[in-house]
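Visitor:
Protein chains: 4
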Amino acid sequence: MGILRLGYLHVRVTDMAEARKHYIETMGLKVTAEEAGKVYLKGWDEWDHHSVVLEEGGVGLAKLGFKVQSEDDLNTYENNARTFGATVERMSKGEELEVGQGIRVTTPSGHVVELYNEITYLGNEVGYLNPYPFPRHETGISVPALDHMLIMAEDVALNEKFFMDTFGMYAVEQIRPEIDSPARIATWLSAGQKNHDIAIVSGKDKGLHHFAFQLEDWSKILRAADIFAMDDVSIDITPTRHGITRGTTIYFFDPAGNRNETYAGGYRAYRDRPTTIWTPEHIGRGIFSHSRELNAAFTEVYT
Amino acid sequence: MGILRLGYLHVRVTDMAEARKHYIETMGLKVTAEEAGKVYLKGWDEWDHHSVVLEEGGVGLAKLGFKVQSEDDLNTYENNARTFGATVERMSKGEELEVGQGIRVTTPSGHVVELYNEITYLGNEVGYLNPYPFPRHETGISVPALDHMLIMAEDVALNEKFFMDTFGMYAVEQIRPEIDSPARIATWLSAGQKNHDIAIVSGKDKGLHHFAFQLEDWSKILRAADIFAMDDVSIDITPTRHGITRGTTIYFFDPAGNRNETYAGGYRAYRDRPTTIWTPEHIGRGIFSHSRELNAAFTEVYT
Amino acid sequence: MGILRLGYLHVRVTDMAEARKHYIETMGLKVTAEEAGKVYLKGWDEWDHHSVVLEEGGVGLAKLGFKVQSEDDLNTYENNARTFGATVERMSKGEELEVGQGIRVTTPSGHVVELYNEITYLGNEVGYLNPYPFPRHETGISVPALDHMLIMAEDVALNEKFFMDTFGMYAVEQIRPEIDSPARIATWLSAGQKNHDIAIVSGKDKGLHHFAFQLEDWSKILRAADIFAMDDVSIDITPTRHGITRGTTIYFFDPAGNRNETYAGGYRAYRDRPTTIWTPEHIGRGIFSHSRELNAAFTEVYT
Amino acid sequence: MGILRLGYLHVRVTDMAEARKHYIETMGLKVTAEEAGKVYLKGWDEWDHHSVVLEEGGVGLAKLGFKVQSEDDLNTYENNARTFGATVERMSKGEELEVGQGIRVTTPSGHVVELYNEITYLGNEVGYLNPYPFPRHETGISVPALDHMLIMAEDVALNEKFFMDTFGMYAVEQIRPEIDSPARIATWLSAGQKNHDIAIVSGKDKGLHHFAFQLEDWSKILRAADIFAMDDVSIDITPTRHGITRGTTIYFFDPAGNRNETYAGGYRAYRDRPTTIWTPEHIGRGIFSHSRELNAAFTEVYT
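Protein chains in written order, with our numbering: chain F, 1 to 303; chain H, 1001 to 1303; chain C, 2001 to 2303; chain E, 3001 to 3303.
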């Protein structure tokens, strides 16, 4: 029945103390486990054991994981990946802390993707019996959940095809060199009704452009930007709206230099929604709806 | 692959001129077709031919339709419905204006549900090529899309089972007489990642409690309430938050007396999210998070 | 040059422990001093020593204070009050904790109003040197400041005249029995550019209808209502907009039964703005812009 | 009793047709009069005859006007200006269309300031008898009123002193080269409770940095930025918060190149509020609270 969501990602950070400060005190994630050189975190509205894992040493993405609905999905995706010609291996229970067996696939772009169905259940912070809408005491910007991520690939079209053929995703929006071109400058892919679970942009293989956290709405985007200023977070792009997906956003960096996003709003996608196509002369407005300009750093700086 | 969404509903209205004024000028829906005694409408961000159909004469729900992903789904759901013991019939192309063949199922509660895969494509108002995030000129509260509906049933548990077994929906939230009771006072069911596509509440079979339109966020909820006051719309429940789903809301009536809702926010649901359970002493807060009180009219007045 | 603002009010509370919990933990006011049976409080953006003083025993308003711009203003207002025929007395430095000399006037409605120019300066919580826009750590709904109050009077027109003639206030909005009537059902009076510093509504002399705290905007109104539900605050009127002043609002009660308000937005008033007049058939919409109905309790229940 | 507000300003525009499109269709101002080469405009919540006057030919500020409370104020300010050594002349009724007699003062920075008490009353668009909170049909971003302006001066401290001594304004915020320096890099001056009616920044005499229009709150700021993108308005600074005044903002240019601002929120100022002081190393954050960086164009480009 398919992929539920981007379940977790492991990200390398140069200084764990600084990273903890950022992700725990500013972002408001909660520590759920610690190992040598690793800190496991989750947002207040997530029920699974972890969504973000900090790994000490370096910068950039180590791997990402999609949670699937059933064990059968693992077999399906394993077969699909082999058919596509991708490297796949079985992952045994516990290889990823608190996670059951799964499969580990390497995308054409060299990104390591784990798929799993089982993960220790912790429950969210408001509970499921007569709950309040959010925790009474919040920390920093109080992120409820991981939302999506954007990776870089040298051949976007190939990788888009890989995510569609192997994982059953569909393209919600695309930047193409020309309207009818089969080539892709970037693509936004969904496995469900999120307007993107993962996006792929033209760049160096294995690259991580950013990963994004949900916020409730535009008023929380303002509050986040205000708190980032107080906590001296390096802001890349101040509050604005994306043309692509219509979501409202802030881009910023963690202390190691990994780009983060806070994301709110945007439309609900469906498989029968026509793919929105952007052409190069409108990319600026597609990415940043108000300035209508891409700054060079936005496409060139990533980890 | 299943149900995409609540695609359309037909609602009876006593006075078509007044209903047009409400749904077109105040709600901002667009007319896509007219027949004797019927007006077909859609929101600005919907691409299918219609989502709301007004039928002159009386009040209440005539029928509702779920759009499915493939023609195969129709067979699956037909078989499921028969297995459940429900009345099913085939619907031929064109029986519903601009809609392909489908199936028509009567739920245990007597509601008529049509399922279809094909419907004339019109496209949304901003287009799919380098679009702007919303139309430059908006009418009334400028509803983008139909969101969900709530129907009444004498046996909620039976009807919940019907929607789960037949249509593959899952329960996101429930009101139960006691925590572990198999009985249901109400249930919120999702076919995807919406926190509910349809909800069922204890009441008279065939009843319609309300149908809801999406709005972007809490600021649009305020604007809607302000405009409702200007247009003399009868407001049932002024802007507030639901405990159930966390969405923000206004309830109000169309001129015929059908309850409408504007709905914004709320969490994204997933099939592995634990079902939230509400018990009777907290129902007030579950429905209206701020007043924490159900007014009698809210449960007793419906069409 | 006149009255700066409603500087403070003393309110009686039946249970100081409960009152502290409400005003400190839920409202986020800070304690600046304590005496036997009295707690002095201020909001995070107030610089003067106190704005709300809780007095143990009973319920209702003990007195209120207006801060004036200069010592000369005290003489002017003293003379004005005598000319009007009101009872006035001199207040010596320290009679009101941390407050300089002043005058104490009894309004025709029996309310005790103190005027003062000097009060111990404490400064706000973000400071005045390169400040951030709000404190990094907030408590409860984190009220920045006291905003205005509404008192009851048997003869509203007389008391309106008193506040205008004595204190130089002007009427921003009024409810009149008929458009041209010299009688007043209610009046909103400003000393500066706030759309009201004090309002007077028809009721029992000495009565307190409510006092209001500022919030930044409608999104903070939602958050306040959510937190009130968590803290079990008795909400009188859930989030809505006033027709009068256009401000957005929540009314609620402190544990002793004194009505509080959170207030955001509304227009800026000027002395040359035409007075807005409301007539009885529109009072409902004037007070509550969305429901367009006054509930009886709103006018009959006060302290 | 003093200055009520920035009543009007005359701004030069190179192309009247383009300027009309910008100020009428995008900003939503209404035309109240036209003369050869001049268009008189007001916002929907302004009652006086005009607030913005477009003058065809060139770019930049022609003059500005403060409305005062009484004819006596004119004498006071005339005397004050003479005492200060400024050039003052009497303005006769009708010199400025629909405006009574007044005085015309030239500031040390060479800006022409007119003061007047009388101006033809037109009333706002919602009226003053049982009004709705905003007009049912809005155009573009539907600006309610002119808010403030920022002018350039070679000697900021001298001009600050001029506005304080002559017009009785007070400094709400200042940028100083050092904390205790008598020099000023910039100053924000208020005549009432607005956090600034006029600001002065170091630059060329007679320069206009921007003039600002009120918006209700941060959600309207987003909507304005979205509409600016649709109308191809040149945006200088996308939605953000000012550290100075805490207001939320967008800066953008009219087609002639005059910088406009939309401004929402910010605190209410009082004459006893301590002046907030900013020092050079924090200017970036003072101006743009999120990016914490001044772009060179912001200080160097003006008309």
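We put the CB at the ideal spot given by N, CA and C, even for glycine.
Spatial neighbours of F/E18 within its chain, please: C-beta separation below 7 Å, excluding the five flanking residues on both sides.
Guide: Residue mapping note: residue 18 of chain F aligns to position 18 of the first sequence, counting from 1. For F/E18, where only same-chain residues beyond five positions count, the Cβ hits under 7 Å are P255.
Visitor: Is H/Y1116 near the ligand NAD - that is, is its Cβ less than 7 Å away from at least one heavy atom of it?
Guide: With respect to the ligand NAD, the structure shown offers nothing to examine, as it has no ligands at all.
Visitor: Using 8 Å as the threshold, is the segment 133–144 of chain F in touch with the segment 2223–2230 of chain C, meaning 3 or more CB pairs across them?
Guide: yes
Visitor: Against chain F, does C/P2144 count as a neighbour if the rule is that its beta carbon must be under 8 Å from one of theirs?
Guide: By one-based count along the third sequence, residue 2144 of chain C stands at place 144. No, no contact with chain F.
Visitor: Scan the segment 2231–2252 of chain C for residues whose Cβ lies nearer than 9 Å to a Cβ of chain F and list them as they occur along the chain.
Guide: D2231
Visitor: Name, going along the chain, the residues of the segment 1153–1187 of chain H whose beta-carbon falls closer than 7 Å to a beta-carbon of chain E.
Guide: none
Visitor: For E/G3207, which residues from the same chain have a beta carbon less than 6 Å from its beta carbon, with the 5 sequence-adjacent residues on both sides left out?
Guide: For this step, residue 3207 of chain E is matched to residue 207 along the fourth sequence. The residues M3152 and Y3302, in chain order, have a CB closer than 6 Å to that of E/G3207 in the same chain once the five nearest residues on each side in sequence are set aside.
Visitor: Among E/W3278, E/T3262, E/S3289 and E/I3198, which residue has its Cα nearest to the Cα of E/A3225?
Guide: Counting from 1 along the fourth sequence, the entry for residue 3225 of chain E is found at position 225. Checking every option, the nearest Cα to that of E/A3225 belongs to E/T3262.
Visitor: Run through chain C and tell me which residues come within less than 7 Å of F/P133, C-beta to C-beta.
Guide: Locating residue 133 of chain F in the first sequence gives position 133, where the first residue counts as 1. In chain order: D2226.
Visitor: Report the three-state DSSP secondary structure of H/T1083 (helix, strand or coil).
Guide: For this step, residue 1083 of chain H is matched to residue 83 along the second sequence. H/T1083: helix per DSSP, three-state reduction.
Visitor: For F/E71 and H/A1191, what's the separation of their Cα atoms in angstroms?
Guide: As a position in the first sequence, residue 71 of chain F is number 71, starting the count at 1. As a position in the second sequence, residue 1191 of chain H is number 191, starting the count at 1. Annotation: F/E71 to H/A1191 spans about 20 Å, alpha carbon to alpha carbon.
Visitor: Which of the three DSSP states is assigned to F/A157 in this structure?
Guide: In the first sequence, counting from the first residue as 1, residue 157 of chain F sits at position 157. Note: F/A157 maps to helix in three-state DSSP.
Visitor: Could you check how far apart the C-beta atoms of F/D118 and F/V99 are, in whole angstroms? I think they sit under 8 Å.
Guide: Taking the first sequence and counting its residues from 1, the one referred to as residue 118 of chain F is at position 118. Taking the first sequence and counting its residues from 1, the one referred to as residue 99 of chain F is at position 99. Going by the sequence as given, residue 118 of chain F is Glu instead of Asp. With 8 Å as the limit, F/E118 and F/V99 qualify as a contact, their Cβ atoms being about 7 Å apart.
Visitor: Which of the three DSSP states is assigned to H/E1035 in this structure?
Guide: Taking the first residue of the second sequence as 1, we reach residue 1035 of chain H at position 35. Of the three classes helix, strand and coil, the one that applies to H/E1035 here is strand, per DSSP.
Visitor: Tell me the DSSP secondary structure of C/S2219 in three-state form.
Guide: Here residue 2219 of chain C refers to the residue found at position 219 when the third sequence is read from its first residue. Helix.
Visitor: Go ahead and pull the three-state DSSP assignment for H/L1074.
Guide: Mapped onto the second sequence, residue 1074 of chain H falls at position 74. If DSSP states are grouped into helix, strand and coil, H/L1074 belongs with the helices.
Visitor: Quick one: what does DSSP say H/T1245 is sitting in, helix, strand or coil?
Guide: Taking the first residue of the second sequence as position 1, residue 1245 of chain H is located at position 245. If DSSP states are grouped into helix, strand and coil, H/T1245 belongs with coil.
Visitor: With a cut-off of 8 Å, does the C-beta of C/R2259 fall near any C-beta of chain H?
Guide: Walking along the third sequence from the start, residue 2259 of chain C turns up at place 259. Judged by the 8 Å Cβ criterion, C/R2259 is not in contact with chain H.
Visitor: Determine the extent of the beta strand (DSSP E) in which E/R3104 is found, giving its start and end residues.
Guide: As a position in the fourth sequence, residue 3104 of chain E is number 104, starting the count at 1. Here the beta strand (DSSP E) through E/R3104 covers G3102 to T3106.
Visitor: Taking C-beta pairs closer than 8 Å, name the residues in chain C that F/A229 reaches, listed in chain order.
Guide: Along the first sequence, read from residue 1 onward, the residue named residue 229 of chain F stands at position 229. Ordered by position in chain C, the residues that pass the 8 Å Cβ test against F/A229 are Y2132.
Visitor: Is there a Cβ of chain C sitting closer than 8 Å to that of F/S202, yes or no?
Guide: Position 202 of the first sequence holds residue 202 of chain F. False, the Cβ-Cβ gap to chain C never drops below 8 Å.
Visitor: Which bits of chain C does H/R1285 rub up against, with CB to CB less than 7 Å?
Guide: The count along the second sequence starts at 1 and reaches residue 1285 of chain H at position 285. A2229, listed in chain order.
Visitor: Would you check if the distance between the CB atom of E/A3269 and the CB atom of E/K3194 is smaller than 8 Å?
Guide: Working through the fourth sequence from its first residue, we reach residue 3269 of chain E at position 269. Working through the fourth sequence from its first residue, we reach residue 3194 of chain E at position 194. Yes, these two residues count as a Cβ contact at 8 Å.
Visitor: Run the CB neighbour count on H/T1083, radius 10 Å, all protein chains shown included, and call it buried at 16 or more, exposed below.
Guide: Mapped onto the second sequence, residue 1083 of chain H falls at position 83. Taking all protein chains in view, the Cβ of H/T1083 is surrounded by fewer than 16 other Cβ atoms within 10 Å, so the residue is classified as exposed.
Visitor: Who pairs with E/F3253 in a beta bridge, going by DSSP?
Guide: Working through the fourth sequence from its first residue, we reach residue 3253 of chain E at position 253. In DSSP, E/F3253 forms a bridge with E/S3234 and E/R3259.
Visitor: Does the beta-carbon distance from C/L2061 to C/S2051 come in below 8 Å?
Guide: Numbered from 1 along the third sequence, position 61 holds the residue referred to as residue 2061 of chain C. Numbered from 1 along the third sequence, position 51 holds the residue referred to as residue 2051 of chain C. Cβ atoms of C/L2061 and C/S2051: not closer than 8 Å.
Visitor: Mind checking if C/S2219 is an interface residue toward chain F, Cβ cutoff 8 Å exclusive?
Guide: Translated into positions along the third sequence, residue 2219 of chain C becomes position 219. It does; some Cβ of chain F falls within 8 Å.
Visitor: Per DSSP, which one or two residues make a beta bridge with F/T240?
Guide: Within the first sequence, the letter at position 240 stands for residue 240 of chain F. The partner list for F/T240 (beta bridge, DSSP) reads F/T249.
Visitor: Note down, in chain order, all residues in the segment 2002–2036 of chain C with a beta-carbon under 9 Å from any beta-carbon belonging to chain E.
Guide: G2002, L2004 and R2005
Visitor: Throw me the rounded Cβ distance for the F/E56 and F/M27 pair, which I believe falls under 8 Å.
Guide: In the first sequence, counting from the first residue as 1, residue 56 of chain F sits at position 56. In the first sequence, counting from the first residue as 1, residue 27 of chain F sits at position 27. About 18 Å separates the CB atoms of F/E56 and F/M27; that is not less than 8 Å, and the two are not in contact.
Visitor: Given that a residue counts as buried once 16 or more other Cβ atoms are within 10 Å of its Cβ, and exposed if not, what is E/K3067?
Guide: Position 67 of the fourth sequence, counting from 1, holds the residue named residue 3067 of chain E. Buried.
Visitor: Which bits of chain H does C/L2222 rub up against, with CB to CB less than 8 Å?
Guide: Taking the third sequence and counting its residues from 1, one reaches residue 2222 of chain C at position 222. What C/L2222 touches in chain H: W1218, R1241 and T1248.
Visitor: Looking only at its chain, what residues have a beta carbon closer than 6 Å to the beta carbon of H/I1244, apart from the 5 residues adjacent to it on each side?
Guide: For the purposes of this step, residue 1244 of chain H is taken as residue 244 along the second sequence, with counting starting at 1. Counting only Cβ-Cβ distances below 6 Å, and skipping sequence neighbours, we find E1173 and G1286.
Visitor: Quick one: which unbroken beta strand (DSSP E) runs of 3-plus residues sit fully inside the segment 2139–2198 of chain C? Chain order, please.
Guide: 2146–2153, 2170–2175 and 2186–2190
Visitor: Contact criterion: CB-CB distance below 8 Å. Does F/H290 meet it with respect to chain E?
Guide: Along the first sequence, one-based indexing puts residue 290 of chain F at 290. For F/H290, the answer is yes, since a Cβ of chain E falls inside 8 Å of its Cβ.
Visitor: Determine the DSSP secondary structure at C/A2297, reduced to helix, strand or coil.
Guide: Here the question's residue 2297 of chain C lines up with position 297 in the third sequence. Reduced to three states, the DSSP call for C/A2297 is helix.
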